[in-house]
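Notes to accompany the following structure.
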Amino acid sequence: MLIVGNGRLLTLDPDAPYYEEGGVAIEGDEITAVGPTQKLQEAYPEAEFLDAGGKIIMPGMTNTHMHLYSTFARGMALKDPPPTNFLEILERLWWRLDKALTLEDVYYSALLPLIDCIKCGTTTILDHHASPRAVRGSLDAIARAVEEAGVRTCLAYEVSDRDGPEVARQGIEENVEAIKKYRNREGLLSATFGLHASFTLSDETLAACREAAEELGCGFHIHVAEGIQDVEDALERSGKRVVERLADKGVLGPRTIAAHCVHVTEREIGILRDTGTMVVHNPESNMGNAVGCAPVGEMLAAGVIVGLGTDGYTCDMFESLKVANVLRKFISGDPSAGWQEIPTMAFTNNARILQAFYPRPLGRLVPGAYADIILVDYEPPTPLTAENWYGHLLFGFHGGRVDTTIIGGKILMRNRQLLHLDEAAIAARARKLAQKLWERF
Numbered sequence: 163m164l165i166v167g168n169g170r171l172l173t174l175d176p177d178a179p180y181y182e183e184g185g186v187a188i189e190g191d192e193i194t195a196v197g198p199t200q201k202l203q204e205a206y207p208e209a210e211f212l213d214a215g216g217k218i219i220m221p222g223m224t225n226t227h228m229h230l231y232s233t234f235a236r237g238m239a240l241k242d243p244p245p246t247n248f249l250e251i252l253e254r255l256w257w258r259l260d261k262a263l264t265l266e267d268v269y270y271s272a273l274l275p276l277i278d279c280i281k282c283g284t285t286t287i288l289d290h291h292a293s294p295r296a297v298r299g300s301l302d303a304i305a306r307a308v309e310e311a312g313v314r315t316c317l318a319y320e321v322s323d324r325d326g327p328e329v330a331r332q333g334i335e336e337n338v339e340a341i342k343k344y345r346n347r348e349g350l351l352s353a354t355f356g357l358h359a360s361f362t363l364s365d366e367t368l369a370a371c372r373e374a375a376e377e378l379g380c381g382f383h384i385h386v387a388e389g390i391q392d393v394e395d396a397l398e399r400s401g402k403r404v405v406e407r408l409a410d411k412g413v414l415g416p417r418t419i420a421a422h423c424v425h426v427t428e429r430e431i432g433i434l435r436d437t438g439t440m441v442v443h444n445p446e447s448n449m450g451n452a453v454g455c456a457p458v459g460e461m462l463a464a465g466v467i468v469g470l471g472t473d474g475y476t477c478d479m480f481e482s483l484k485v486a487n488v489l490r491k492f493i494s495g496d497p498s499a500g501w502q503e504i505p506t507m508a509f510t511n512n513a514r515i516l517q518a519f520y521p522r523p524l525g526r527l528v529p530g531a532y533a534d535i536i537l538v539d540y541e542p543p544t545p546l547t548a549e550n551w552y553g554h555l556l557f558g559f560h561g562g563r564v565d566t567t568i569i570g571g572k573i574l575m576r577n578r579q580l581l582h583l584d585e586a587a588i589a590a591r592a593r594k595l596a597q598k599l600w601e602r603f
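Right under this line is the structure:
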């Protein structure tokens, strides 16, 4: 047993969100008790003690839409003219990058951002993968990186028709095998059924995916109305907008994640709510791709569950939180906007989304939850209380302040030093692979 104590304890439990001095007792990968450090030590006198030294003890951050495979694009020069719209970004960068990936590339391009997650305190991600010329075995390659890094990850392979029917079939099979192997099991890994987007999926492929998912009792992880091109295609293909088409094809529902939802109407928001579909907002990616801003205020007000992700733009969820906050204010023209909405997305709703993929609670330090805990080196310059903790987190925390990361009860980083991986050696191998990939690209 391990006790992490002698810190300012931020539980994110609505019933007891903050202790000025507190700790967490851990047995295996589960939290068994939370409270004042002295009481925990009295209750578990034989437990090992990790002294937080006054640092913030809090749940690890969570990212509900991520692309690990994007790693090898960092620093790469495009050989074409710069993209002028979202579809050109896909065609000139991402759809060429994913075709160049080998299984070894998939493994290393996952391992490095997983290390980044540890270093910036992100302990759970929902990944969305593509490697059309290395489909079979790709999710197992990511799973191997996950087990070595120790970051909780839900896998998905994005099925698409853009590379032909055989690749689409392989994508379906890759999802099915991963879901059978990892979903609803104890441990770091889970899986769901990945789909790319409406505009790269025929009615026939959607029907095949729906049939496979129904047999497995799972939903989907799909990009929805990220760029206006998705809307235009859906209207041309079916006479309906993206959310309407996906609803008709049985894709939406309480086990489905609709990432982005930038270009959705009031009617579509109502469909998302009525079907119980979960949405993930990715503010930095949407700004970077110049696709617009999702109407998160309207979706939340309508009762849609909206979480927060990064779409591969960063591993640092503190960063995503800050950008989501200022973007909400900028778009609305209201400087008070976002104050309730953004923490609801990042903490309450991300935790609700993760319940669809893991058997125990995440995102809270409460008995029975997974022991995914970070220590943040933050000395409050003003009083920190149960009422104002979010203001401190928003303006004072960032990934570089994370001192210690514990996932599943295992200490992976202490004093900002990784305890189980040689990052320099891993990065050196990744650079060699990336150079070869750039040449193929």
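Its first residue numbered 163, the sequence shown is counted upward by one per residue in the numbering used here. No residue lacks a Cβ here, since even glycine has one placed at the ideal position from N, Cα and C. Note that the structure is predicted; figures quoted are calculated from it, not measured.
According to DSSP, residues forming a beta bridge with residue i
i	result
Q579	R576
Y532	E192
D213	G167
I218	R170, V538
A187	I165, A195
Y269	Bridge partners of Y269: none, in fact.
M228	D289
V605	Only positions 163 to 603 of the chain appear in the structure, and residue 605 is not among them; the question remains open.
Y180	L172
Continuous beta strand (DSSP E) stretch holding residue i: start and end
i	result
A353	351 to 353
C380	That residue, C380, is in no beta strand (DSSP E); it is neither H nor E in DSSP.
N346	From DSSP, N346 is part of no beta strand (DSSP E); its letter is neither H nor E.
D565	564 to 569
Reduced DSSP category for residue i - H, G, I as helix; E, B as strand; rest coil
i	result
T233	helix
R314	strand
M223	strand
M238	coil
A330	helix
E394	helix
H560	coil
S482	helix
D365	helix
W501	coil
F519	coil
R526	coil
A305	helix
Residue i versus the options, residue with shortest Cα-Cα distance
i	options	result
A205	A214, A195, L212	A195
T472	G412, H554, H385	H385
K411	N444, A375, K491	A375
L171	R593, N337, Y540	Y540
A307	G450, L357, K261, I280	I280
A596	D436, C455, E266	E266
L202	N168, L174, D177	N168
K343	D584, A513, R407, A305	A305
A464	E430, V404, F603, G381	E430
T285	K241, A513, L414	A513
Y532	M220, V426, G553, D177	M220
L249	V458, R324, G381	R324
L212	T224, G185, G190	G185
Residue span of the alpha helix (DSSP H) that contains residue i, given as start and end
i	result
T199	199 to 205
Q597	585 to 602
E549	Segment: none, E549 is in no alpha helix (DSSP H) and carries neither H nor E.
E250	248 to 251
W257	257 to 262
Going residue by residue through the segment 275 to 303, where are the continuous beta strand (DSSP E) segments of at least 3 residues, counting only ones entirely within it?
284 to 289
Which runs of the alpha helix (DSSP H), 4 residues or longer, sit entirely within the segment 401 to 475?
404 to 410, 428 to 437, 445 to 450, 458 to 464
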